Each structure stands twice: as structure tokens, then as C-alpha cells.
Amino acid sequence: MSSILQPSNDDAPSKEQRLKAYLRQKAEDGEMYFKSKFIADEVGLSPKEIGALMVKIRDSATELEVEKWSYTSATTWRVEVA
1 MSSILQPSND DAPSKEQRLK AYLRQKAEDG EMYFKSKFIA DEVGLSPKEI GALMVKIRDS
61 ATELEVEKWS YTSATTWRVE VA
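Residue 71 in full-length UniProt numbering sits at position 71 of the sequence shown, and the numbers go up by one each step.
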């Protein structure tokens, strides 16, 4: 039995940290509205990953105010710095 060990890079930010940093930067000048599918390439995550992380961030982030804003074809999120 053989196992493949992948090197661990503890200095690399987690997906959640990358998304939080992106949101903080974009919301510095005021609130922002977005759909996951439109920022996916910029953050390097899939829209599904962003949606799941947004729920976590909404419940845990103290530095950001996150709100589900619209439920049309895809969820629109409203974010502003707290």
C-alpha cells in the first residue's frame, strides 16, 4: 500500500480567508452587491464554493456585514465592512 504525501503550505490562506480578504477590499468604499458566478474567477473558487463560504462568513465574520439580498436566478449577496 502506498500513500502520496502532498506538501503542506501552512502560509497559504484558506479559501475562506481569500474570500474574506477579497470582500473586505471590494467593500472598503461602501457596500457591494455580487453574484458568486461573477466573482468566481477573481477569487479562484467555484460559485458553489463561494455560496457555501458566504453562509459561513455571514454567521462568523465580525468585520463584515453579509446579507442575502435576492433569490432570483442566483443569490445576490450584499456585503459591507462592519
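Heads up, the beta-carbon is just placed ideally off N, CA and C, and yes, glycines get one too. None of these values were measured; they are calculated from a predicted model.
query: Residue 134, buried or exposed, once every other Cβ within 10 Å from all chains shown has been counted against 16; result: Within the shown structure, residues of the chain are numbered from 1 to 82, placing residue 134 beyond reach of any answer.
query: The alpha helix (DSSP H) enclosing Leu-23, as first and last residue numbers; result: 15–26
query: Classification of Lys-20 by the beta-carbon crowding that lies within 10 angstroms, buried from 16 upward; result: buried
query: Leu-53 - DSSP class collapsed to helix/strand/coil; result: helix
query: Contacting residues, own chain, Cβ-Cβ under 7 Å from Ala-61 (five flanking each side not counted); result: Lys-20
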